[in-house]
Amino acid sequence: MSWASKSSAGTNSSKSSLSSQKFGLNEDDKSPILVYRYRSGSKSLEVSSQQDLCKNLDADPNLQSIRVARKKIPRGNSRVEVRGEDLFPEQDRKRFSDRPTVKSCLANVGLPSSAYWKNLLFNSFPELYIISKSPSTTPNSSADNSPEASQHVTPSTTFPRDHISTQDHS
């Protein structure tokens with residue numbers, strides 16, 4: 001049980017980071033959290049802290065186009081299914097709930113073994129922090145949000161081309 005009041009956490013708003021204000025993160029919290037970066041190319045979850053997450057997000061030049069959402073991790077589950085609705089912050093989930101693809105599964109990520117056991121025994125990792133990019137209509141951002149910019153395999157990397165010189169066939 002914690003005796004710290006939530007009202008005292010926001011009193012130093014002049015010193016708090018932009019990401020902590022925007023996403024409701026506690027930049028002084030050093031306790032471990034699980035972070036999933038959607039379409040980052042990373043193959044696993046990161047164990048980090050809210051403090052480190054704030055530092056990383058503040059250092060990102062594209063902070064304005066980043067979303068941070070939280071998803072409850074059911075105790076005893078070794079995997080977490082990330083759906084389209086999980087990419088939205090809580091206030092936006094209701095607004096987009098009528099969309100047909102919002103319930104579709106985007107990823108099924110496994111918890112690291114130490115995180116699984118700590119969650120099972122001590123409920124140490126109650127939430128998954130999901131970092132994603134906001135969709136945008138600019139041409140530059142659409143290239144960044146394309147499947148080729150993510151961890152998806154493209155045909156050009158699946159089938160490497162052999163470069164045969166013209167001298168070999170003369």
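Position 38 (the sequence shown) corresponds to 38 in the UniProt record's numbering; numbering is contiguous. All C-beta atoms in this analysis are idealised placements derived from N, C-alpha and C, irrespective of residue type, glycine included.
Cα-Cα separation between residue i and residue j, rounded to whole angstroms
i	j	result
valine 47	valine 35	6 Å
phenylalanine 88	lysine 71	10 Å
leucine 53	lysine 22	13 Å
aspartate 92	leucine 25	17 Å
arginine 99	cysteine 105	14 Å
residue 184	isoleucine 73	For the chain, the structure presents residues 1 to 170; residue 184 sits outside this window and is missing.
serine 134	serine 78	28 Å
tyrosine 38	lysine 94	21 Å
lysine 118	serine 44	17 Å
serine 42	phenylalanine 96	27 Å
alanine 115	isoleucine 130	16 Å
Neighbourhood of residue i by C-beta, 8 Å cutoff - its chain only, sequence neighbours within 5 removed
i	result
lysine 103	Arg83, Gly84 and Glu85
serine 49	Asp29, Lys30, Ser31, Pro32 and Ile33
Beta-bridge pairing of residue i - partner residues as DSSP gives them
i	result
alanine 107	Val82
valine 68	Ile131
valine 35	Glu46 and Tyr129
Spatial neighbours of residue i in its chain, beta-carbon cut-off 7 Å, leaving aside the 5 residues before and after
i	result
leucine 63	Leu18, Ser19 and Leu57
glutamine 51	Glu27, Asp28, Asp29 and Lys30
Close-in-space but distant-in-sequence residues of the same chain around residue i (CB under 6 Å, 5 per side omitted)
i	result
serine 132	Tyr38, Arg67 and Leu87
For residue j and residue i, believed in contact at Cβ under 8 Å, the rounded distance
i	j	result
glutamate 81	asparagine 108	5 Å
Check: residue i C-beta below 7 Å from any heavy atom of the ligand PLP
i	result
serine 17	For the ligand PLP, the structure offers nothing, since it holds no ligand at all.
Determine, using beta-carbon pairs with one atom in the stretch 54-71 and one in the stretch 16-24, whether at least three such pairs fall under 8 Å.
yes
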